[in-house]
Each structure stands twice: as structure tokens, then as C-alpha cells.
Amino acid sequence: MSVEVVSPPKYLVAIVGGAVAGSEATRILTDHGVGVAVFEQNARPYGKIEDGLPRWHDKQKPKEYEKINAPLHHPLVHFVPSTKIGRDLSFADLKDWGFNYILLANGAWRDRPLEIEGIDDSIDKGFYYQNPFIHWFNHYTETNFRGLSCEVCEDAMVIGGGLASIDVAKILMIETISQALGKKGIVIDPIEIEHKSCKKVLEENGLTLEKLGVTPCTLYYRRRACDMPVASFKPGASEEEKKKTQQTREHLLNIATEKYLFRFQGNSLPLDKIVENGRLVGLRFIKTEIKDDRVIKLPNTEFTVRSPLTISSIGSVPEPIEGIPMKGEFYTWKNWDLGELDSHHNVFGLGNVVTGKGNIVVSRKHGQKVAEYLIHEKLKITPPLTPDQYKKVLEKIQARQKIVGYDGDFSSWMKKAVPHEP
Ligand SMILES: Cc1cc2nc3c(=O)[nH]c(=O)nc-3n(C[C@H](O)[C@H](O)[C@H](O)COP(=O)(O)OP(=O)(O)OC[C@H]3O[C@@H](n4cnc5c(N)ncnc54)[C@H](O)[C@@H]3O)c2cc1C
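Going by this note's numbering, the sequence shown opens with residue 4, and the numbers climb by one from there.
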């Protein structure tokens with residue numbers, strides 16, 4: 004049964020993506036009496052909270068899920084799950100339906116390609132990108148997990164530099180240590196190893212990595228440790244403040260390598276692949292130096308690293324959607340602060356799709372900012388929908404809900420909705 008709205012709202016907004024930014028905008032819009040249709044590609048609207056944030060955040064995840072659920076469970080909200088804009092419904096069709104505004108809260112779901120010609124031919128053959136790898140780690144323990152299964156092995160290489168690449172290195176370490184301990188008859192779940200740290204678990208068992216026979220993975224970064232985007236400069240930071248931030252970055256990396264025992268090698272830029280028998284077995288690198296914030300390749304410093312597994316974790320970018328113009332990796336925003344799209348006056352972006360920041364608080368605040376801008380600036384100059392216009396959009400929404408088997412009851416849908424498989 005779909006929820007009957009007794010007096011129809013004057014405005015209807017479509018939101019693409021129901022996770023952190025999308026649900027926060029939904030909360031603000033419905034608080035002001037605006038009707039919202041949330042189009043979510045997956046059955047569950049948890050986005051990168053479910054498929055990014057690693058599962059050792061076991062206390063935080065349920066709290067974030069609740070923060071997403073609450074606004075979507077509202078009589079003014081029409082949830083449209085399992086509907087990917089650009090696949091199940093085109094952006095042009097969505098525009099034609101007659102919403103007052105469209106908000107793109109679809110995050111960054113495409114791994115930034117590693118710039119080595121032909122490297123993608125090695126996907127699943129000694130090479131993974133971060134997103135499917137983290138998806139596997141977050142879900143493989145679930146009963147009936149049928150997604151992509153990833154192999155994990157010691158002495159792997161991670162190409163990256165940001166916080167997510169540190170998580171990838173941690174996953175490799177806790178998984179390989181858990182497996183090696185298991186072979187000695189010591190059963191410790193990878194999540195317990197993460198909570199305690201690899202160092203502590205080995206100490207408790209009178210072991211070291213060498214004694215256990217595990218070669219650690221190495222995180223390769225093209226810049227220096229002090230450049231890692233694990234802490235940001237404050238806007239308008241002085242040279243002194245920038246230096247402090249750089250020290251914080253080095254400190255955070257040192258803590259991670261000390262606790263989780265992976266290795267770090269900065270100033271190393273991957274140049275080429277080494278493929279043997281159809282499998283990626285290593286990379287050729289060149290040493291770099293950083294000058295005026297630019298990465299300079301140093302002549303005659305090429306070196307080769309062989310490794311059974313390479314994971315590229317160099318960032319995620321928005322997926323292209325036909326009809327939304329792009330400049331490079333991003334949609335063409337006229338105004339990044341308010342997420343105004345250059346080409347369509349009634350389309351805005353919010354959260355990670357605009358900010359590019361993999362940060363929950365930043366996404367939520369940006370969702371809030373754009374929704375408030377809509378409420379306080381845009382809606383007052385927007386003609387409301389007539390009851391007939393409203394009815395027509397609602398019919399289209401309900402027709403799509405019917406196709407995906409959503410009967411308007413958010414709670415009962417969520418009880419049976421299962422995580423998606425890539
Ligand atoms: C490995 C990793 C570790 C992280 N650790 C932290 C951390 O410790 N702390 C922290 O603050 N942040 C962390 N983050 C980042 C954080 O999870 C994200 O920045 C945040 O969840 C983004 O929220 P969002 O709503 O902007 O985007 P998303 O969560 O990406 O939401 C986008 C939503 O849109 C949907 N969608 C996408 N495309 C379409 C489409 N075409 N049609 C319909 N729906 C679509 C998606 O399914 C999703 O539900 C981490 C991320 C990763 C990957």
C-alpha cells in the first residue's frame with residue numbers, strides 16, 4: 004500500500020541516491036512540507052556506508068544506517084529502490100516527469116582508472132580496483148553472499164595515498180595474518196585483529212611477522228608521506244599551519260604502519276605493467292620528487308616491483324550519466340559550493356558527487372546546505388505544481404515502484420532488502 008498524502012505538497016523534488024547526502028536533503032525538504040522521490044540504484048539506500056566504510060566500523064555503521072532510514076520513512080517520501088538513473092530510467096526521462104528540482108546525490112562509484120595502458124585487462128587476474136575489493140571485504144561473511152570473491156595474499160602492492168588506500172592495506176594485513184594464524188591453529192577473526200591491531204595480536208601470541216612467515220603488503224604513493232590527503236589544510240592556512248598539517252599526516256601514517264605492519268614507499272609513480280601468462284605479476288615504477296606541489300619524474304630512476312596482487316586505490320569519481328555534461332572526471336558544476344549544474348537550471352548536486360571528499364560529515368553538511376538553499380532561495384521563486392501536475396508525476400513514480408515490487412512500506416521493504424552485488 005502506498006502512503007496517501009492527504010493534502011498534496013506544492014513541490015516535488017527528485018533525489019538520485021538515498022545515502023548520507025540524499026537522506027539529509029530529504030529530511031530538510033520534508034520538514035518544510037516538500038514531497039521527495041528518492042531514486043536509489045540499490046535495494047538498500049546505504050551507499051558507501053555499507054559498501055565503502057570497512058566493516059570493522061561495526062558500532063558506527065548501524066548508527067549511520069539509522070540516520071539514513073529515519074528521513075526516508077516519512078509520508079512525504081516516495082522511495083524508488085533498485086532504480087539506477089542512466090540504466091533503468093534515463094536522466095532525460097527523469098527531467099520530463101515534471102519534478103520542480105532534481106538533486107544528484109549519487110556519490111562517486113567509479114574507481115579512478117590507473118593510468119597504465121591495458122592494465123584493466125588484468126582485472127581479477129592479479130589486479131583489483133578498490134571499490135569491488137572493499138565490497139567483497141564488507142560482505143563476504145554474509146550468508147548467501149554471491150558477489151565477486153577476491154583473493155588475498157601476502158606481499159601485495161597497494162597503489163594509493165588517501166585514507167581508503169590505508170584501509171585497503173589494513174584489510175590485506177588483517178586477512179593474511181588471520182589466515183596464517185589459522186594455519187597454526189590460532190583462530191582470530193580479522194575484525195578482532197583490526198580492533199586490537201596486528202602488532203598487539205602478534206605480541207599476544209609471541210609472534211612477529213617473520214616468525215609467522217607473512218611478508219607485509221606495501222603502499223606505494225607518488226608523493227611524500229607529508230602530502231597524503233589524510234588531513235586537509237585549513238582554508239587560508241599559514242605556512243606554519245601547513246607544516247603542522249603535514250606533520251599530522253606523517254604521524255597518522257606512522258601510527259597505521261606501526262599498528263598494522265604494512266610498509267610505505269613514497270615518491271614512487273607506477274609507469275607500466277608486468278604481465279606473465281595473462282596475469283599481472285608486477286609494476287614498473289619511477290622515482291619522483293615534489294616541486295611546487297607538482298610531481299616530477301626523476302630521470303634514470305626506474306625500478307621494478309614484482310607482486311602476486313596489486314590493488315589500485317587512487318580515488319573514486321562520479322559515474323557518467325547520459326545527459327549530464329562532464330568536464331574531465333566531474334560533472335560540470337557552475338557553482339561547487341551549492342552544487343549548481345552548469346547546464347540545467349533545476350539540477351543540483353550534493354555530497355561526495357560534488358565535494359569529492361570521502362567524508363561522512365562533509366557529505367551530510369553539503370546535503371544540508373544545498374537543501375536549505377533550495378528551501379530558502381529557490382522554492383520561493385518557483386511556481387508550485389498544480390494538483391493535476393502533481394498527480395501525473397505521482398503516477399509515474401508509483402508505476403516505477405510497482406515494477407520493482409515496492410509497495411510503499413519502507414519498513415517492510417527494508418526487512419527483506421538484501422545488499423547488492425557488483
Ligand atoms: C574504504 C572507505 C573508507 C571510508 N572511511 C571513512 C571514514 O572512516 N570516515 C568518513 O567520514 N568517511 C569515510 N569514507 C567515506 C564515506 O563513506 C563517504 O564519503 C560517504 O558515505 C558519502 O556519502 P554520499 O551520500 O555523499 O555518497 P554515497 O554514499 O556514495 O551515496 C550515493 C548513493 O547514490 C546511489 N547511486 C549512485 N549512482 C546512482 C544512480 N545512477 N542512480 C540512483 N542511485 C545511485 C548509491 O547507491 C548510493 O546509495 C570511506 C569511504 C571508503 C570507500
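Note that beta-carbon positions come from the ideal geometry of N, C-alpha and C, so glycine has one too. Computed from a predicted structure; not experimentally measured.
Check	Outcome
Same chain, Cβ closer than 8 Å to L274, neighbours up to 5 away in sequence not counted	I119, L286, R287, F288, I289, E305
Cβ-based burial, K405 [other Cβ within 10 Å; buried from 16]	exposed
With 16 other Cβ atoms within 10 Å as the buried cut-off, status of E43	buried
CB of G361 within 9 Å of CB of G50, strictly	no
Cβ-based neighbour list, A240, same chain, cut-off 6 Å, excluding 5 preceding and 5 following	none
Backbone secondary structure at H81 - three-state DSSP	strand
Cβ-heavy atom distance, Y334 to ligand 1, below 8 Å	no
Same chain, Cβ closer than 6 Å to P311, neighbours up to 5 away in sequence not counted	C156
Ranges of the alpha helix (DSSP H) found wholly within the region 105-157, counting only runs of at least 4	133-142
Exposure of Q133, with buried meaning 16 or more beta-carbon neighbours within 10 Å	buried
Pairwise C-alpha distance: E325 and G89	6 Å
Best match in L92, A108, V80 for proximity to V357 [C-alpha to C-alpha]	A108
Close-in-space but distant-in-sequence residues of the same chain around A46 (CB under 7 Å, 5 per side omitted)	P84, S85, A420, V421, H423
Three-way DSSP call (helix, strand, coil) for S415 in this model	helix
Nearest-angstrom Cα separation, counted from K337 out to W112	22 Å
Any non-hydrogen atom of ligand 1 closer than 8 Å to D170 Cβ	yes
Any non-hydrogen atom of ligand 1 closer than 8 Å to E325 Cβ	no
Bounding residues of the beta strand (DSSP E) (the contiguous stretch that carries I327)	Run containing I327: none; DSSP gives neither H nor E here.
Euclidean distance between Cα positions of W339 and D345	10 Å
Nearest neighbour of R309, chosen from G129, V23, K98, S181 [CA to CA]	G129
Residue interval of the alpha helix (DSSP H) (run including E195)	193-199
Within 9 Å, strictly: CB atoms of V293 and R227	According to the sequence displayed, residue 293 carries Ile and not Val. For I293 and R227, yes; Cβs fall inside 9 Å.
Close-in-space but distant-in-sequence residues of the same chain around I31 (CB under 7 Å, 5 per side omitted)	Q371, A374, E375, I378
Among L382, K246, D99, R115, the one whose alpha carbon lies nearest that of P323	R115
Under 9 Å between C-beta atoms of S168 and S316	yes
Secondary structure of N303, DSSP reduced to three states	strand
Assigned exposure category for L301 - 16 Cβ within 10 Å defines buried	exposed
Spatially closest choice to S152 from F140, F265, C229, G411, by CA coordinates	F140
beta-carbon F236 near ligand 1 non-hydrogen atom, thresh 8 Å	no
When L79, T221, K214, H254 are compared against P232, the one with the closest alpha-carbon	H254
Heavy atom of ligand 1 within 8 Å of T86 beta-carbon	yes
Integer Cβ distance of R225 from V298, believed to fall under 8 Å	5 Å
Other residues of its chain near M329: CB distance less than 7 Å, five sequence neighbours each side excluded	P323, T335
Option in I191, K187, K186 with minimal Cα separation from I177	I191
Reduced DSSP category for E213 - H, G, I as helix; E, B as strand; rest coil	helix
Whether H198 touches W59 by CB criterion (9 Å)	yes
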